[in-house]
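Written out below as structure tokens is the structure these notes cover.
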Amino acid sequence: MNALTPVMSVRGISKQFDAIKAVDDVSFDVYPGEILGLIGPNGSGKSTLFNCILGQLAADRGTVEVGGQAVSNKRSCDLSKLGIGRTFQQLSVFPEMTVLDNIIVAGQEHEGTMISRLFGAPDAGLTEQAEQMIAFFRLSHLRDEQAGSLSYGQQKLVDAAMAFMAGPNIVLLDEPAGGVNLTMLAGLKERLISYNREHATTFVVIEHNMEFVMSLCTRIIVLAEGAIIAEGTPDQIRSNQMVIDAYLGG
Amino acid sequence: MSQFAQVLLSGLSTGSIYALAAIGFTLIWQAAQTVNFAQGEFVMLPAFFVLVAINFLGMPLWLALLFGLLMAVLVLGLLFKKLIVEPMLPKTGLPLIIATMALSILLKESVKEFYGAEAQPFPDILPQQTMNLAGAVISVQDILNLVISITAVVALTLFLNRTITGRSMQATAQNPAVATILGIDTKRMVLYTFLINAGLAALASFLISPLYLAKFSNGETLGVVAFIAAIVGGFNQIRGAIAGGLLIGVLDNLTATYITAEYRAALPLVLLILIILWRPQGLLGTDEGRQV
Amino acid sequence: MRFSLKHLLLLVGLGVLVVAPLGQGNYIVYMLCSWLIFSIAAMGLNLTLGYAGQISLAQASFMAIGAYTTALLTLAGWHWVVAMPIGLVLCFVVGLALGFPALRVRGHFLAFVTLAFNTLVFLVARNEDWLTGGTYGKFGMPRPDFGIVSTDSQLNFYYFTLIVFVIAAALMWGIVRSPWGRAFRALRENPIRAESLGIDTRRLTLLAFAIGSVYGGLAGSLVSPLVQFIEPGSFAVIHSLRILLMVVVGGAGFFYGPMLGAAVVILLPEVLRFTEGYYLILYATLVIVLMVFCPSGLIGVGSRIRDKLWSRTRDRGDLKQGAQL
Chain A
-18 MNALTPVMSV
-8 RGISKQFDAI
2 KAVDDVSFDV
12 YPGEILGLIG
22 PNGSGKSTLF
32 NCILGQLAAD
42 RGTVEVGGQA
52 VSNKRSCDLS
62 KLGIGRTFQQ
72 LSVFPEMTVL
82 DNIIVAGQEH
92 EGTMISRLFG
102 APDAGLTEQA
112 EQMIAFFRLS
122 HLRDEQAGSL
132 SYGQQKLVDA
142 AMAFMAGPNI
152 VLLDEPAGGV
162 NLTMLAGLKE
172 RLISYNREHA
182 TTFVVIEHNM
192 EFVMSLCTRI
202 IVLAEGAIIA
212 EGTPDQIRSN
222 QMVIDAYLGG
Chain B
93 MSQFAQVLLS
103 GLSTGSIYAL
113 AAIGFTLIWQ
123 AAQTVNFAQG
133 EFVMLPAFFV
143 LVAINFLGMP
153 LWLALLFGLL
163 MAVLVLGLLF
173 KKLIVEPMLP
183 KTGLPLIIAT
193 MALSILLKES
203 VKEFYGAEAQ
213 PFPDILPQQT
223 MNLAGAVISV
233 QDILNLVISI
243 TAVVALTLFL
253 NRTITGRSMQ
263 ATAQNPAVAT
273 ILGIDTKRMV
283 LYTFLINAGL
293 AALASFLISP
303 LYLAKFSNGE
313 TLGVVAFIAA
323 IVGGFNQIRG
333 AIAGGLLIGV
343 LDNLTATYIT
353 AEYRAALPLV
363 LLILIILWRP
373 QGLLGTDEGR
383 QV
Chain C
398 MRFSLKHLLL
408 LVGLGVLVVA
418 PLGQGNYIVY
428 MLCSWLIFSI
438 AAMGLNLTLG
448 YAGQISLAQA
458 SFMAIGAYTT
468 ALLTLAGWHW
478 VVAMPIGLVL
488 CFVVGLALGF
498 PALRVRGHFL
508 AFVTLAFNTL
518 VFLVARNEDW
528 LTGGTYGKFG
538 MPRPDFGIVS
548 TDSQLNFYYF
558 TLIVFVIAAA
568 LMWGIVRSPW
578 GRAFRALREN
588 PIRAESLGID
598 TRRLTLLAFA
608 IGSVYGGLAG
618 SLVSPLVQFI
628 EPGSFAVIHS
638 LRILLMVVVG
648 GAGFFYGPML
658 GAAVVILLPE
668 VLRFTEGYYL
678 ILYATLVIVL
688 MVFCPSGLIG
698 VGSRIRDKLW
708 SRTRDRGDLK
718 QGAQL
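Residue numbers (this note's numbering), protein chains in the order written: chain A, -18 to 231; chain B, 93 to 384; chain C, 398 to 722.
Right under this line is the structure:
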């Protein structure tokens, strides 16, 4: 894939709730290896957009294509098979499984068939890869702990590691910074950026925390009242009068 | 036609009693997010309090009924809440289900061991005459059962909607966190819910025992039927529980009379499965509170 | 070291199972058979409920399907070895069908749907005399004869049951430690997250029901020749509740939980026999106390005690290096 072929194309997504147009004809492309931020004030429609892209909500109009394949109305387990990873706003680990099992389960469905997973190796041959992933997120000392016993920030790291385990082409991160304290946040951001550099994995991030987005993303799209009002590098966005108005006015 | 009217009326009569027990399900659901698997036994037990009061304490019927009601509120309301539900909150789920199942065995077996395994005659509280109405023989008892149950439900609804305590209870059920901020003593409101449930169960017990005799195993069918009534109506709605109770009562009687007595018990169950599959929120229910 | 100790314990356990019935009267051997059989049923429910998190109050109805199928076919002259798998296939299919409600509702609602299903099976068994013998049931089922060895004697039947039990347990062990087992647990803990990781939760939910039901059917196909008399009452809802109690009292989601739970539920009445009719009262009280104080069951009590003894030496790993993050 060259830099001009988008990994994901969003075309004309609209979603209406009763009288409110939550998302109004939004289109954009996501290019390989970039970290795209989707921001906007509360009620700007970014969560709705995110849910439409991931098939959690059925969009009224519009399509989403990943790698040239339409993904609307697909179940999320199929999205995962198409190389789309995601994290969740709320904590989304499996609390009563070990960190290692959390990571392995995130990758195992992409190995072999249903039958080979029943009769094959108990770890689906993933232990080594999972340990590397755990080490990458600096969680090796917690490998055998129950994920639910970890701190909030650590669980966010496990969540991210799970999203990456299947080697996705694109990962959608839903408010990764939410609820994470400042020290942890720096660590999380550093790990995400270095993962992005090492694997050229594309990220789409939806986030409230402006500072986090500005320092993480390579490109930012700003939504207000369901439509895109600005797009550009973090520096361009920072100085965009419309964005400032939207945030202060909203 | 006259037979149909009789079957319909007696169905409405038992149905209204089911509704009382079904409302209990919805109340406990709102207060503790759990289903009380011992609800049937909650309806079985108060009749035995009354029998104990009459046969062993020598009380007259009216006093025995009062005694039965108080004991029900104390044991099935206060003690149930304090000893079983409260220690398990806020983590309910499966362990609480199992605990209420065990409680149902405990109540059933206790009655069987300490009072008797035989069905016990229960004194008639209501007049036994029949009336002739346009050719149909109508039982006064059926009519009064219906009237008393409906009155109790109307009173409960008025209490919940018109009084400060009632509204506080509703607020607690809908959003405990906000209710606490508003200065509502949520713990007490939850307790009231349990007490009211026990009271309704006692009333249902007093009305149904003269019809079916008092027996330790009465709760088995009652519990399932009341639950189905609650599901059919919509689990989070009192009026749904009433509709569900009446519907089940009538259908039950109609099937037994006109279709098959052997599969009488099957009809509500089939109805339950169909409702859950096609309209999980119940006939009158709203969407929330059904999943997980 | 740890693994060899585990293996040693397993061997000792098996040894105990082999010698346990020797020199015992018929009744004790019968009780032991009964324990093994209910362990199989509880193991199946433990997969559905303990590992995959789908509550089912219908395990006894699958025992019924297994038992009646085996009874009818063996009475018609088929060998148990042929009759049993037919019962299991039937249970798999019906279990799969029962899984569909679980795709729509969970928790309490699922509990009641499955309970309703159990009652329906009971009613069919009671009312369809032509097939099931109605309330009189079916009797005189032959015990399997393997040419050299017949299982007519109680002791031989025990060893036959033990062999089936060991095979069933080994297969279950294989399932729960395979990636399937991990996916089942993921489904239990967070179905939405599991789905987003590529786990087909729909298929998995159905499989959890179907496989659990097959174990119920297997237990039923052993009940038929053991008791040589089956009637609808043996498979009523109360028996599903009993199997549920076994799983939860033993420890849902632990491999050995159901076996421990079945031992408690089957053998405790014998121990408490001196209390006569008060046994169930005592038993119910114990269950309530257990649920209030230790919801994860008897195995949970064990691990809690172990954690208490260990907690001094086992600092929370996440505190040591957590500050780095």
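Beta carbons are placed, not taken as given, at the ideal position from N, Cα and C, and that holds for glycine. Bear in mind that the values here come from a model prediction, so they are computed numbers and not experimental data.
Residues bridged to residue i [DSSP beta-bridge criterion]
i, result
"F536 (chain C)", "C:F626"
"R(-8) (chain A)", "A:T44"
"D155 (chain A)", "A:I187"
"F(-2) (chain A)", "A:I1"
"N224 (chain B)", "B:V229"
"D597 (chain C)", "In the DSSP output, where bridge partners are listed per residue, D597 (chain C) has none listed."
"E673 (chain C)", "Paired residues: none, contrary to the question."
"V203 (chain A)", "A:I20, A:A211"
"A51 (chain A)", "A:E46"
Cβ neighbour criterion (16 or more within 10 Å) applied to residue i
i, result
"G630 (chain C)", "exposed"
"P157 (chain A)", "buried"
"S618 (chain C)", "buried"
"W432 (chain C)", "buried"
"T257 (chain B)", "exposed"
"V316 (chain B)", "buried"
"T80 (chain B)", "Absent from the structure is residue 80 (chain B), since the part of chain B shown begins at 93 and ends at 384."
"A205 (chain A)", "buried"
"Q71 (chain A)", "exposed"
"G484 (chain C)", "buried"
"T182 (chain A)", "buried"
"A269 (chain B)", "exposed"
"K200 (chain B)", "buried"
"V563 (chain C)", "exposed"
"M223 (chain B)", "exposed"
"Q135 (chain A)", "buried"
Straight-line gap, residue i to residue j (C-alpha atoms, nearest Å)
i, j, result
"G719 (chain C)", "E15 (chain A)", "Low per-residue confidence applies at G719 (chain C): pLDDT is 37, beneath 50, and the placement is therefore not dependable, though the value from the model is reported in the following sentence. Approximately 30 angstroms, taken between the alpha carbons."
"P655 (chain C)", "I663 (chain C)", "12 angstroms"
"T511 (chain C)", "A455 (chain C)", "5 angstroms"
"R219 (chain A)", "D155 (chain A)", "22 angstroms"
"F298 (chain B)", "V245 (chain B)", "16 angstroms"
"L603 (chain C)", "E178 (chain B)", "35 angstroms"
"T126 (chain B)", "H180 (chain A)", "47 angstroms"
"F509 (chain C)", "G410 (chain C)", "37 angstroms"
"C430 (chain C)", "G534 (chain C)", "21 angstroms"
"I368 (chain B)", "V362 (chain B)", "10 angstroms"
"I1 (chain A)", "G24 (chain A)", "11 angstroms"
"M223 (chain A)", "R(-8) (chain A)", "23 angstroms"
"V384 (chain B)", "P219 (chain B)", "Reliability fails at V384 (chain B), whose pLDDT of 26 lies under 50, so the model's placement of it is uncertain and the value that follows must be treated cautiously. Between V384 (chain B) and P219 (chain B), the C-alpha separation is close to 46 angstroms."
"V139 (chain A)", "A583 (chain C)", "14 angstroms"
"I273 (chain B)", "L181 (chain B)", "20 angstroms"
"A111 (chain A)", "V86 (chain A)", "10 angstroms"
"G326 (chain B)", "A130 (chain B)", "20 angstroms"
"V324 (chain B)", "S401 (chain C)", "55 angstroms"
"S102 (chain B)", "L303 (chain B)", "11 angstroms"
"M643 (chain C)", "S202 (chain B)", "22 angstroms"
"L248 (chain B)", "I288 (chain B)", "9 angstroms"
"N83 (chain A)", "R119 (chain A)", "15 angstroms"
beta-carbon residue i near the ligand HEM non-hydrogen atom, thresh 6 angstroms
i, result
"A348 (chain B)", "Within the structure as shown, the ligand HEM is missing, as the structure has no ligands at all."
Expected contact under 8 angstroms - CB spacing of residue i and residue j to nearest Å
i, j, result
"G332 (chain B)", "Y110 (chain B)", "Not really, about 13 angstroms apart at Cβ, beyond 8 angstroms."
"S453 (chain C)", "L446 (chain C)", "6 angstroms"
Exercise. Between the stretch 639 to 654 of chain C and the stretch 691 to 702 of chain C, do three or more beta carbon pairs fall short of 8 angstroms?
Worked result: Because the criterion of three Cβ pairs below 8 angstroms is met, the stretch 639 to 654 of chain C and the stretch 691 to 702 of chain C touch.
Exercise. On the three-pair Cβ rule with 8 angstroms, is the stretch 143 to 158 of chain B touching the stretch 186 to 202 of chain B?
Worked result: Verdict: no, contact absent.
Exercise. Can at least three beta-carbon pairs, one atom from the stretch 61 to 76 of chain A and one from the stretch 146 to 158 of chain A, be found at a separation below 8 angstroms?
Worked result: Because the criterion of three Cβ pairs below 8 angstroms is met, the stretch 61 to 76 of chain A and the stretch 146 to 158 of chain A touch.
For this session: Assess, as a yes-or-no matter, whether the stretch -17 to -3 of chain A is touched by the stretch 26 to 37 of chain A under the definition of 3 or more beta carbon pairs within less than 8 angstroms.
Result: Verdict: yes, contact present.
Exercise. Can we say the stretch 525 to 533 of chain C touches the stretch 621 to 637 of chain C, given the rule of at least three CB pairs closer than 8 angstroms?
Worked result: Counting Cβ pairs under 8 angstroms, three or more are found: they touch.
For this session: Decide if the stretch 664 to 684 of chain C is in contact with the stretch 458 to 474 of chain C; the criterion is three or more beta carbon pairs, one per stretch, under 8 angstroms apart.
Result: Contact between the stretch 664 to 684 of chain C and the stretch 458 to 474 of chain C is absent, because fewer than three Cβ pairs lie under 8 angstroms.
For this session: For the stretch 137 to 153 of chain B and the stretch 287 to 302 of chain B, state whether three or more C-beta atom pairs, one from each stretch, are separated by less than 8 angstroms.
Result: Yes, since at least three Cβ pairs between the stretch 137 to 153 of chain B and the stretch 287 to 302 of chain B fall closer than 8 angstroms, the two stretches touch.
Exercise. With a cut-off of 8 angstroms, do at least 3 Cβ pairs link the stretch 496 to 506 of chain C to the stretch 567 to 577 of chain C?
Worked result: In the pairwise beta carbon analysis, the stretch 496 to 506 of chain C is classified as not touching the stretch 567 to 577 of chain C: fewer than three pairs are separated by under 8 angstroms.
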